[in-house]
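Enquirer:
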Amino acid sequence: MEAVHKQHEADENCVNREMEFSPAYRWQHWIRAFSIVVLTITGFYIADPFVTPIQSAEPDNFMQALFRSWHEIFGFILIAVVLLKSYLFIFAKRYKGEMISIKDFLNPKVWMQQVGYYLLVSKHPHLKGTYNPLQFIAYMGFYTLVFILIITGLILYVHVYHEGLGAFFYPFMRELEVLLGGLAWVRELHHIAMWGVILFVTVHVYMAIYNAVFGKDGSMDAIFSGMKWHKKH
Ligand code: HEM
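Under numbering that gives the first Met the number 0, the first residue of the sequence shown carries the number 0, and numbering increases by one thereafter.
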């Protein structure tokens, strides 16, 4: 017991526990993650209904409409948190490192060092921002896909709901629909973008676990508790 206590004290003397993610950041991350799961399940159902409603003589089951309404509810929740995240990315001082990553992304030297690091031929580059160029391009790809899903989702939405927001967006979304090549293609694009998101989420979870195991700095804990460990010099 004494030994454990001493070890704990020694650990506390050589690491700082610092706030990495604010509550707003963590909430938007988990609401976004949950929405993506619900949207993927309900989206698969809309594309290819995999549950048969109870047989009834009356036309009152409306299973497809039920799945679609949950899809739309979580679609708008996703839109809200993506807007919050975009605001944090552009304006929040605490996360300015994310924006500064653009400098590393545009620097060919950092790219060469980063690729060299993965090929075990050079040291990890010294980064000005939060993300290395490969991470940055992965997140850019993810947000591009999410924005494609949002735009194509809203085009599909104005065809199924014609009041309120549906009526407001209708004229713009119909123009966009024509620009994108018609409703059938919009739906296809929405579906393809979903597969892109599934691929990203799979790699993202793998990398998070990998970094938590080998980084040993609580990088995974940070998205739950907000706190990360930094070595004292
Ligand atoms: C991660 C985000 C999303 C995923 C994975 C996703 C997935 C899907 C899938 C797979 C479909 C079926 C397409 C097909 O028929 O092949 C679909 C349809 C649809 N989605 Fe999404 N979606 C997402 C976001 C959104 C958003 C943000 C909205 C906007 C409110 C939205 C609104 C719709 C609508 C209205 C339909 C068509 C329903 C119908 O045809 O009856 N989706 N979605």
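The beta-carbon is built from N, C-alpha and C at its ideal position, and this holds for glycine as well.
For T51, which residues from the same chain have a beta carbon less than 7 Å from its beta carbon, with the 5 sequence-adjacent residues on both sides left out?
Expert: Correct list: empty, nothing qualifies.
Enquirer: With hydrogens ignored, establish whether the beta-carbon of M193 is closer than 7 Å to any heavy atom of the ligand HEM.
Expert: Flag set: Cβ of M193 near the ligand HEM.
Enquirer: Is the number of C-beta pairs between the region 125–138 and the region 150–158 that are closer than 8 Å three or more?
Expert: Output reads no: the region 150–158 does not touch the region 125–138.
Enquirer: Suppose contacts are defined by Cβ-Cβ distances below 8 Å. Is E19 in contact with A221 by that definition?
Expert: Against a cut-off of 8 Å, the Cβ pair of A221 and E19 comes out as a contact.
Enquirer: Less than 7 Å between C-beta atoms, sequence neighbours within five positions excluded: which residues of the same chain meet that for H28?
Expert: These residues qualify, in order along the chain: I222.
Enquirer: Classify I136 as buried or exposed, calling it buried when 16 or more other Cβ atoms lie within 10 Å of its own Cβ.
Expert: So I136 counts as exposed.
Enquirer: Should E176 and L182 be called a contact, given that it needs their Cβ atoms to be closer than 8 Å?
Expert: Yes, the pair counts as a contact, with Cβ atoms nearer than the cut-off.
Enquirer: Where does V109 fall in DSSP's three states?
Expert: Of the three classes helix, strand and coil, the one that applies to V109 here is helix, per DSSP.
Enquirer: Where V14 and V196 are concerned, what is the direct C-alpha to C-alpha distance, given to the nearest angstrom?
Expert: So the two alpha carbons sit approximately 36 Å from each other.
Enquirer: Determine, using beta-carbon pairs with one atom in the region 102–114 and one in the region 76–91, whether at least three such pairs fall under 8 Å.
Expert: Touching, no, given that fewer than three Cβ pairs across the two stretches are closer than 8 Å.
Enquirer: What is the DSSP secondary structure of K122, counted as helix, strand or coil?
Expert: In the structure shown, K122 sits in coil (DSSP, three-state: anything other than H, G, I, E or B).
Enquirer: Judging by CA-CA distance, which residue of Q134, T129, K102, L105 is the nearest neighbour of F117?
Expert: Sequence check: residue 117 is Tyr here, not Phe. It is Q134 whose Cα lies nearest to the Cα of Y117.
Enquirer: Tell me whether the beta-carbon of V159 lies closer than 8 Å to the beta-carbon of R67.
Expert: Cβ atoms of V159 and R67: closer than 8 Å.
Enquirer: Please classify E71 as buried or exposed, where buried requires at least 16 other C-beta atoms within 10 Å of its C-beta.
Expert: Burial call: buried.
Enquirer: Note down the Cα distance separating M139 from F88, rounded to an integer number of angstroms.
Expert: For M139 and F88, the distance between alpha carbons rounds to 12 Å.
Enquirer: Please report the straight-line C-alpha distance between V145 and H229, rounded to a whole angstrom.
Expert: The straight-line gap from Cα to Cα measures roughly 32 Å.
Enquirer: Here's the rule: buried if 16 or more other CB atoms are within 10 angstroms of the residue's CB, otherwise exposed. What is I247?
Expert: As displayed, the chain neither begins before 0 nor continues past 232, which places residue 247 out of reach and without an answer.
Enquirer: Using CA atoms only, rank isn't needed, just tell me which of K108, Y130, L188 is closest to S121.
Expert: Considering only alpha carbons, the answer is K108.
Enquirer: Please state the DSSP three-state secondary structure of N60.
Expert: In the structure shown, N60 sits in coil (DSSP, three-state: anything other than H, G, I, E or B).
Enquirer: Taking the DSSP output, what are the residues bridged to E17?
Expert: E17 is bridged to K227.
Enquirer: In whole angstroms, what is the alpha-carbon distance linking A46 and L119?
Expert: Approximately 44 Å between the Cα atoms of the pair.
Enquirer: Taking 7 Å as the cut-off, is the CB of R67 close to at least one heavy atom of the ligand HEM?
Expert: Result yes, Cβ under 7 Å from the ligand HEM.
Enquirer: Nearer than 7 Å: is that true of the beta carbon of Y156 relative to any heavy atom of the ligand HEM?
Expert: Yes, the ligand HEM has a heavy atom inside 7 Å of this Cβ.
Enquirer: Taking 8 Å as the cut-off, decide whether the C-beta atoms of S100 and Y142 are in contact.
Expert: No, the pair does not count as a contact, with Cβ atoms beyond the cut-off.
Enquirer: Does the Cβ-Cβ distance between T41 and M193 come in under 8 Å?
Expert: For T41 and M193, no; Cβs fall outside 8 Å.
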